[in-house]
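A.B. asks: So the sequence shown is numbered by my numbering: it starts at 93 and just counts up by one.
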Amino acid sequence: MKIYLAGHRGMVGGAILRQLQARGAAVITRSRDALDLTDQAAVRAFFQTERPDAVILAAARVGGIHANDTFPASFIYDNLMIEANVIHQAHDAGVQSLLCLGSSCIYPRNAAQPMAEDALLTGSLEPTNEPYAIAKIAGIKLCESYNRQYGRDYRSVMPTNLYGPGDNFHPQNSHVLPALMRRFHEAVATGADRVTIWGSGTPQREFLHVDDMAAAALFVMDLDRDTYRAHTDPRQSHINVGTGQDVSIATLAGLLAQVTGFTGQISFDRSKPDGTPRKLLDVSRLSQMGWSARIPLEAGIAQTYDWFRTSRDLRES
């Protein structure tokens, strides 16, 4: 079976690729330069030529609070186009099996915690990443709609905050864990005695290692159709993926300081936005299916920091 993996150079796609290769799977990939997924004609030509048997859609434009708040048009346009083009052209080429990766930001800002799948569309979204969230919700609804109208088996998984090897460590445009890891690392390197963090430090976040996410994605894709359908409603067909545990940003900062060897002061800039107060996923559906995360946060952070120091270009801007 030929599997087209979209987004294989990203953190999540890279982890999925490693696990597919370990299985000996026949994987089709294309770099962004070779195939622009926002270009409908190019995506159609690719699918008509390659005719994959299954698709994993891990390609997306992603970023942290600053990036989402600064480039809202780019986030909603790019992600809508990627999803619409890949999902529709997969269908048009006769692909029956597809897995679409989303994000926990699809849930309302003030959703009851932990957030279950049926919280979708029950309230207002977090304003700082609303355009991105709407695009990810559209991905879920695209999969549901092709399933309902054409009998396809298109599935969606919604991961919590991800981290690990291959992450984006840009000082402004990355997510909270890699952004703070870089900041603490540079503070140690320069001898700085203080690290200042956006917000109050009180928001709670859940973090999942990318290797766990890759394992969960393939687990969900491998489920037989009856097992998958037994745990989903046709209009709430996505599955949460997380650890079921969260920590405060202040606690996360303490872990990062410990791992990086920073011994100075940690302060919080309360004039900056906190984002959603808490984001913890209800992962009971996936747990009932037989999957749970295996990598503890502290061990995952230490492993990621080892990769950061040895495998990436610290000159990255």
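Using N, Cα and C, we set each Cβ at its ideal position, and we do this for glycine too.
(1) For a test of the three-state rule: what should DSSP assign to I387, helix, strand or coil?
(2) How about A151 and D374: are their beta carbons less than 8 Å apart?
(3) Between the Cα of P251 and those of Y96, A308, G186, spot the shortest distance and give me the residue it belongs to.
(4) Is the stretch 210 to 224 close to the stretch 186 to 202, with three or more CB pairs under 8 Å?
(5) With DSSP collapsed to three states, give me the class of F354.
(6) Determine contact between the stretch 236 to 253 and the stretch 354 to 363, defined as no fewer than three beta-carbon pairs at a distance below 8 Å.
(7) Determine the closest residue to Q350 out of A281, K364, F276, with distance taken between C-alpha atoms.
(8) Can you check whether the CB of G194 is closer than 8 Å to the CB of H323?
(9) Which parts of the stretch 95 to 130 are runs of the beta strand (DSSP E), unbroken and 3 residues or longer, counting only runs that do not cross its ends?
(10) In angstroms with no decimal places, state the Cα-to-Cα distance between H180 and A230.
(11) Which class does Y238 belong to by DSSP, given the choice of helix, strand or coil?
(12) Can you give the beta carbon distance from A185 to R143, rounded, assuming they're within the 8 Å contact cut?
(13) Please classify S384 as buried or exposed, where buried requires at least 16 neighbouring CB atoms within 10 angstroms.
(14) L300 and V333 look like a contact to me (Cβ under 8 Å); what is the Cβ gap, rounded to whole Å?
(15) Between the C-alpha atoms of A159 and K364, what's the straight-line distance to the nearest angstrom?
(16) Could you name the residues that DSSP lists as bridge partners for K371?
(17) The alpha helix (DSSP H) with H330 in it runs from where to where?
(18) Could you compute how far the alpha carbon of S403 sits from the alpha carbon of R327?
(19) Count the other C-beta atoms from every protein chain shown that fall within 10 angstroms of the C-beta of S359, then say buried if there are 16 or more, exposed otherwise.
(20) Less than 8 Å separating the beta-carbons of M305 and A146?
(21) Considering only the beta carbon of each residue, do L172 and A117 sit closer than 8 Å?
(22) Using CA atoms only, rank isn't needed, just tell me which of A225, A98, M103, L315 is closest to A126.
(23) Residues in the same chain with beta-carbon distance under 7 Å from S123, minus the five sequence neighbours each way, listed in chain order, please.
(24) Rounded to the nearest angstrom, what separates K94 and D245 at their Cα positions?
(25) Do L254 and V104 have their CB atoms nearer than 8 Å?
(26) Considering only the beta carbon of each residue, do P80 and W399 sit closer than 8 Å?
(27) Identify every residue that forms a DSSP beta bridge with L191.
(28) Measuring alpha carbon to alpha carbon, tell me which of L190, T130, N177 ends up nearest I166.
(29) Could you work out which residue in P223, C235, G243, F138 is closest to V249 when comparing CA atoms only?
(30) DSSP on T288, reduced to helix/strand/coil?
(31) Who does V339 pair with in a DSSP beta bridge?
C.D. replies: Let me lay it out:
(1) coil
(2) Pairing A151 with D374 gives a Cβ-Cβ distance that is not under 8 Å.
(3) Nearest option by C-alpha distance: A308.
(4) yes
(5) coil
(6) no
(7) F276
(8) no
(9) 118 to 120
(10) 13 Å
(11) helix
(12) 6 Å
(13) exposed
(14) 7 Å
(15) 14 Å
(16) BP columns for K371 point to R297.
(17) Premise fails: H330 lies in the beta strand (DSSP E), 330 to 333, not in any alpha helix (DSSP H).
(18) 42 Å
(19) exposed
(20) no
(21) no
(22) A98
(23) Closer than 7 Å at Cβ, skipping near neighbours: R101.
(24) 16 Å
(25) yes
(26) As shown, the chain starts at 93 and ends at 409. That puts residue 80 outside it, with no answer to give.
(27) I148, R247
(28) As written in the sequence, residue 166 is Ser, which differs from the Ile given in the question. When only C-alpha atoms are compared, the closest one is T130.
(29) C235
(30) strand
(31) R297
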